[in-house]
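Q: If you number the sequence shown the way this note's numbering does, the last residue is 1167 and the count never jumps.
Backbone N, C-alpha and C define an ideal beta-carbon position, used for all residues, glycine too.
Keep in mind that this is a model prediction, so the values were computed, not measured.
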Amino acid sequence: MVEWAPLRIPIKRRIQTLVVMIQVYMFLFGHIFGTVLLVVLLFIPYTTFVAVVYVGWAFILNVRTPSRGGRTIKVARRWKMWKYFCEYFPIRLVKTADLDPEGNYIFGYHPHGIIGLGALGNFCGEATGFSVNFPGIHPHLLTLSVNFRFPFSRDYCMAFGVCSVDKDSIEYILQKMGPGHSVAIVVGGAAESLEARPGNFTLTLKHRKGFVKLALRSGASLVPVFSFGENNLYDQVSNPPGSALRQWQTKMKDLMGFAPPLFHGRGVFQYTFGLLPHRQPIHTVFGAPIKVKKTQSPSPEEIDKIHQQYITALEELFEKHKKNYGICENKHLQIC
C-alpha cells in the first residue's frame, strides 16, 4: 500500500526535499550526468571548443588536484542549500571537546550508512556549524579516487572540500597544507554499507588500520565521530553473512571497489519507496581527539596500540550518548 504525501505541505519542506533529491542523485548518478553533458557539449558546434578546453584543463592540467588538497570554494560551503539539506532530517552536530586549530586531525566517521549523508551535512557545508564549533579547522571529506574521473561531477565534489582517499592525498593534506587542515574518512567503507539498516550497529573496523598508520606518520590526532540515526535513513534487503546475496555483493565490491546494497527509502510524493532518505534525525557526535606521536615508520605493535585506543574511545562515545537518542541499554557496537 502506497502512503502518499499530503498535497498541502509548507513550501520550506518542499525545498528541503528538492535539495536532498539533488544531492542524492548527484551522489548516485552525478558521474553519468557529467559524462552525458560533456558528450552533448562536444557535439554542439558552438560549445565544442569550450568542452575541449575543459577536458584539457580538468584531466591534463588539473588531473592531480583531487589528491593535492582539491579546490575548495568557501562560498559553496556556505550555500543556503546546505541549510535546507540539514533541516530535512534534521542533522545536528554535537561537540564534546575543543580542537586546537594548530593541529591536524583525522576524523573517523561511523557508520557508513547507505550513502553517508550525515558526513555530507557536517563536513561539506556549514549548516551544522562546523567552523563555529571548531574554528580554524578545515575539513576535507574523502572519497574513492574513481569519483574524480568523471567530468563536472569531480568539480562539484571538490567545491565542497572533497578529496581523494588515496594515501598520497591524505599525507599531502595533513603534512603540506598547514595547521588545521584535516581529513574525514568513512572508515567502514563499502563493506559497512552492507550492514546499513535501522537498529544495526555493526561496524567494519577491526582490520581497518590504514588510517591509524597515516595518523602516526603525520602526527595527526584521531577524532572518533559517530552519527546516531545514519542507519535509519534507508531500508535494505536482508543480506545476512553467508547468504547468496551477500556473497554476490562482496564479489562486486572486490571487483568494482564499492558494494551495491539493495535499498529503498521514500519518493518525492510518497513515503513508501524511492531513492530519497526517510526524514530521520541524525545526531553526529564528535569525540575528544586522541593525540598521536609522529613516527615515520610505525611498527605493527604501535599501530595496533593506537588502533585499540581508537576503538575503545569510539565504544565509550557510543555508550555515553546512546541513551540520548533512544537506543536501548542492551544495544552495543559490534566491531567486525
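(1) Hey, could you find the ends of the alpha helix (DSSP H) glycine 1041 is sitting in?
(2) Are glycine 818 and valine 1054 closer than 8 Å when you measure CB to CB?
(3) Got a sec? Which residues, its chain only, sit under 7 Å from glycine 960 by beta carbon, not counting five neighbours each side?
(4) Can you name, in chain order, every residue of its own chain whose Cβ lies under 7 Å from the Cβ of isoleucine 904, other than the five neighbours on each side?
(5) For tryptophan 910, which three-state DSSP category applies?
(6) What is the DSSP secondary structure of aspartate 1066, reduced to helix, strand or coil?
(7) Since tyrosine 936 sits in a beta bridge, which residues does DSSP pair it with?
(8) By a C-beta neighbour count over all protein chains shown, 10 Å radius and 16 as the cutoff for buried, is threonine 1115 buried or exposed?
(9) Measure the CB-CB distance between lysine 1007 and serine 1052 and report whether it falls below 8 Å.
(10) Between isoleucine 1016 and phenylalanine 938, what straight-line distance do the alpha-carbon atoms span, to the nearest angstrom?
(11) Would you kindly report the start and end of the unbroken alpha helix (DSSP H) that includes proline 1131?
(12) Quick check: tyrosine 940 and phenylalanine 1059, are their CB atoms within less than 8 Å of each other?
(13) Counting beta carbon pairs with one atom in the segment 855 to 863 and one in the segment 926 to 938, are three or more of them shorter than 8 Å?
(14) For serine 995, which residues does DSSP report across the bridge?
(15) Using a Cβ-Cβ cut-off of 8 Å (strictly less than) and excluding sequence neighbours within five positions of glycine 944, which residues of its own chain qualify?
(16) Hey, would you say proline 1112 sits closer than 8 Å to phenylalanine 979, going by beta carbons?
(17) Between the alpha carbons of tyrosine 915 and isoleucine 846, how many angstroms are there, rounded?
(18) May I ask you to report which of helix, strand or coil DSSP gives arginine 844?
(19) Taking lysine 1084 as part of the alpha helix (DSSP H), name the residues at either end of that continuous run.
(20) Roughly how many whole angstroms lie between the Cα atoms of arginine 895 and leucine 872?
(21) Taking the alpha-carbon positions, what's the leucine 1238 to serine 1049 distance?
(22) Among the candidates Thr1126, Leu1093, Asn1031, whose CA atom is the shortest distance from the CA of valine 1158?
(23) Taking 8 Å as the cut-off, does the segment 1082 to 1092 touch the segment 967 to 974 (at least 3 CB pairs, one atom from each stretch)?
(24) Please work out which residues of its chain come closer than 8 Å, Cβ to Cβ, to alanine 928, disregarding the five sequence neighbours upstream and downstream, and give them in chain order.
A: Working from what's here:
(1) By 1-based counting over the sequence shown, the position of residue 1041 is 210. Start and end: 1041 to 1049.
(2) Since the first and last residues shown for the chain are 832 and 1167, residue 818 lies out of range.
(3) Here residue 960 refers to the residue found at position 129 of the sequence shown. The beta carbon of glycine 960 sits closer than 7 Å to the beta carbons of Leu924 from its chain, once the five residues preceding and following it are set aside; these are given in chain order.
(4) Here the question's residue 904 lines up with position 73 in the sequence shown. The answer, listed in chain order, is Ala990.
(5) Numbered from its first residue, the sequence shown carries residue 910 at position 79. Residue state, collapsed to three classes: coil.
(6) Along the sequence shown, read from residue 1 onward, the residue named residue 1066 stands at position 235. In the three-state DSSP reduction, aspartate 1066 falls in the strand class (E or B).
(7) Translated into the one-based positions of the sequence shown, residue 936 becomes position 105. For tyrosine 936, which the question treats as bridged, DSSP gives the partners Ser1052.
(8) As a working mapping, residue 1115 is identified with position 284 in the sequence shown. Under a 10 Å Cβ-count criterion, threonine 1115 is classified as buried, with 16 or more other Cβ atoms of the shown protein chains found around its own Cβ.
(9) Locating residue 1007 in the sequence shown gives position 176, where the first residue counts as 1. Locating residue 1052 in the sequence shown gives position 221, where the first residue counts as 1. No.
(10) Here residue 1016 refers to the residue found at position 185 when the sequence shown is read from its first residue. Here residue 938 refers to the residue found at position 107 when the sequence shown is read from its first residue. Isoleucine 1016 and phenylalanine 938: Cα-Cα distance of roughly 6 Å.
(11) Taking the first residue of the sequence shown as 1, we reach residue 1131 at position 300. Looking at the DSSP string, the run of the alpha helix (DSSP H) that includes proline 1131 is 1131 to 1152.
(12) Taking the first residue of the sequence shown as 1, we reach residue 940 at position 109. Taking the first residue of the sequence shown as 1, we reach residue 1059 at position 228. Not closer than 8 Å, so no.
(13) Result no; under three Cβ-Cβ pairs closer than 8 Å.
(14) The residue you call residue 995 lines up with position 164 of the sequence shown. DSSP links serine 995 through a beta bridge to Thr974.
(15) As a working mapping, residue 944 is identified with position 113 in the sequence shown. When the five nearest sequence neighbours on each side are left out, the beta carbons in the same chain lying within less than 8 Å of the beta carbon of glycine 944 are those of Ser1024, Ala1027, Ser1058, Glu1061, Asn1062, Leu1064, Tyr1065, in order along the chain.
(16) Counting from 1 along the sequence shown, the entry for residue 1112 is found at position 281. Counting from 1 along the sequence shown, the entry for residue 979 is found at position 148. Going by C-beta atoms, proline 1112 is not nearer than 8 Å to phenylalanine 979.
(17) As a first step, residue 915 must be located in the sequence shown, where it is residue number 84. As a first step, residue 846 must be located in the sequence shown, where it is residue number 15. The alpha-carbon atoms of tyrosine 915 and isoleucine 846 are separated by roughly 7 Å.
(18) Sequence index remark: in the sequence shown, residue 844 carries index 13 (1-based). In the three-state reduction of the DSSP assignment, arginine 844 falls in the helix class.
(19) For the purposes of this step, residue 1084 is identified with residue 253 of the sequence shown, where counting begins at 1. Unbroken alpha helix (DSSP H) run through lysine 1084: 1075 to 1087.
(20) Sequence index remark: in the sequence shown, residue 895 carries index 64 (1-based). Sequence index remark: in the sequence shown, residue 872 carries index 41 (1-based). When only Cα atoms are considered, arginine 895 and leucine 872 end up about 24 Å apart.
(21) The shown model of the chain, from 832 to 1167, leaves out residue 1238, and the question about it has no answer.
(22) Reading the sequence shown from its first residue, position 327 is the one you call residue 1158. A small correction: the amino acid at residue 1158 is isoleucine; valine does not occupy that position in the sequence shown. It is Asn1031 whose Cα lies nearest to the Cα of isoleucine 1158.
(23) No, the segment 967 to 974 is not in contact with the segment 1082 to 1092.
(24) Here residue 928 refers to the residue found at position 97 of the sequence shown. Contacts found: Phe1117, Gly1118, Ala1119, Pro1120.
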